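Undergrad: This structure is in structure tokens; I'll ask about it shortly.
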Amino acid sequence: MKQEVNPKDTSRAQAFELWMKSPVPMVTLMKTFDVTHLRKVCARTDMKFNMLLCWCIGRAASRIDEFYLLPSQGKLYRYDRLCVNVIVNNAEGGINNCDIPYSDDVEQFARDYETITRKCAAECRDINDDEANIVGTSAVTTTQIDCIVNQYSGIFNNPFLAWGRYRKGWFKTTLPISFQFHHVQMDGSQATRFLEELQETILSCQVSRKGV
Numbered sequence: 001m002k003q004e005v006n007p008k009d010t011s012r013a014q015a016f017e018l019w020m021k022s023p024v025p026m027v028t029l030m031k032t033f034d035v036t037h038l039r040k041v042c043a044r045t046d047m048k049f050n051m052l053l054c055w056c057i058g059r060a061a062s063r064i065d066e067f068y069l070l071p072s073q074g075k076l077y078r079y080d081r082l083c084v085n086v087i088v089n090n091a092e093g094g095i096n097n098c099d100i101p102y103s104d105d106v107e108q109f110a111r112d113y114e115t116i117t118r119k120c121a122a123e124c125r126d127i128n129d130d131e132a133n134i135v136g137t138s139a140v141t142t143t144q145i146d147c148i149v150n151q152y153s154g155i156f157n158n159p160f161l162a163w164g165r166y167r168k169g170w171f172k173t174t175l176p177i178s179f180q181f182h183h184v185q186m187d188g189s190q191a192t193r194f195l196e197e198l199q200e201t202i203l204s205c206q207v208s209r210k211g212v
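Heads up: the sequence shown begins at 1 in the numbering used here, then just goes up one per residue.
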């Protein structure tokens, strides 16, 4: 559920005053992640790498209170649940996006991911959830990318993560991920805590069964 809140009643009161009217309110951080374990989980379960990474993103975000707040059109809103947005190639050769509801249960998330992305691709339409706060993602896996910067216009205020193709070494697989967020929503301390949570979640991800 989405609910407008008074910024003064939240921990973001000062940030709201400082950054809500900023013409360039977005901040981008980049971190290189160790995704060796995640690749092993994929090989063992036949689950998709990007799906598991999206689940890890949702899990890490769910542990940071600021991810449930979002500034929009001069106001601040609080949400009680999260979705992870995924961009898919559609049946007409274009792209659409869809929101996957985050669940602590990775297998439930996997089922929702498969069902919703397939429907989105087949019907060539966006599938969005306006009552959940959205964590955007974009996987540009046709090449290795060091950093991706999205629009800084303040039109799209949701936190957003983007990555390219992972890098395989002899003993370790790494993946640079760009993380963009609105400065009203969080400061560097919360953003870096999220990135640390994401790395820990990637390293500890467990799936109990084969396939989805």
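Just so you know, even glycine gets a beta-carbon here, dropped at the ideal spot from N, CA and C. The structure presented is a predicted model; accordingly, all values stated were derived computationally and were not measured.
Can you tell me which of the three DSSP states residue 111 falls into?
TA: Taking the sequence shown and counting its residues from 1, one reaches residue 111 at position 111. Helix at residue 111.
Undergrad: So what does DSSP say about residue 178, is it helix, strand or coil?
TA: Position 178 of the sequence shown, counted from the first residue, corresponds to residue 178. Residue state, collapsed to three classes: strand.
Undergrad: Taking only runs that begin and end inside the region 45 to 110, name each unbroken beta strand (DSSP E) of 3 or more residues, in chain order.
TA: DSSP runs (the beta strand (DSSP E)) wholly in the region 45 to 110: 69 to 72, 75 to 79, 82 to 89, 95 to 101.
Undergrad: Report the partner residues of residue 133 according to the DSSP bridge assignment.
TA: Here residue 133 corresponds to residue number 133 of the sequence shown, with the count starting at 1. Beta-bridge pairing links residue 133 to 82.
Undergrad: Can you tell me the Cβ-Cβ gap for residue 69 and residue 12, rounded? I've got them flagged as a contact below 8 Å.
TA: In the sequence shown, the residue the question calls residue 69 occupies position 69. In the sequence shown, the residue the question calls residue 12 occupies position 12. Their Cβ separation, rounded to whole angstroms, is 6 Å, which keeps residue 69 and residue 12 in contact under 8 Å.
Undergrad: I believe residue 71 touches residue 157 by the beta-carbon criterion, under 8 Å. Please report the beta-carbon distance rounded to the nearest angstrom.
TA: Numbered from its first residue, the sequence shown carries residue 71 at position 71. Numbered from its first residue, the sequence shown carries residue 157 at position 157. That belief holds up - the Cβ atoms of residue 71 and residue 157 are roughly 6 Å apart, short of 8 Å.
Undergrad: Is residue 145 near residue 56, with beta carbons less than 8 Å apart?
TA: In the sequence shown, the residue the question calls residue 145 occupies position 145. In the sequence shown, the residue the question calls residue 56 occupies position 56. In this structure, residue 56 does not lie closer than 8 Å to residue 145 by Cβ.
Undergrad: Please state whether DSSP places residue 171 in a helix, a strand or coil.
TA: What you label residue 171 is simply residue 171 of the sequence shown in a count that begins at 1. Coil.
Undergrad: Within the continuous alpha helix (DSSP H) that includes residue 192, where are the two ends?
TA: Working through the sequence shown from its first residue, we reach residue 192 at position 192. Segment 188 to 204, the alpha helix (DSSP H) holding residue 192.
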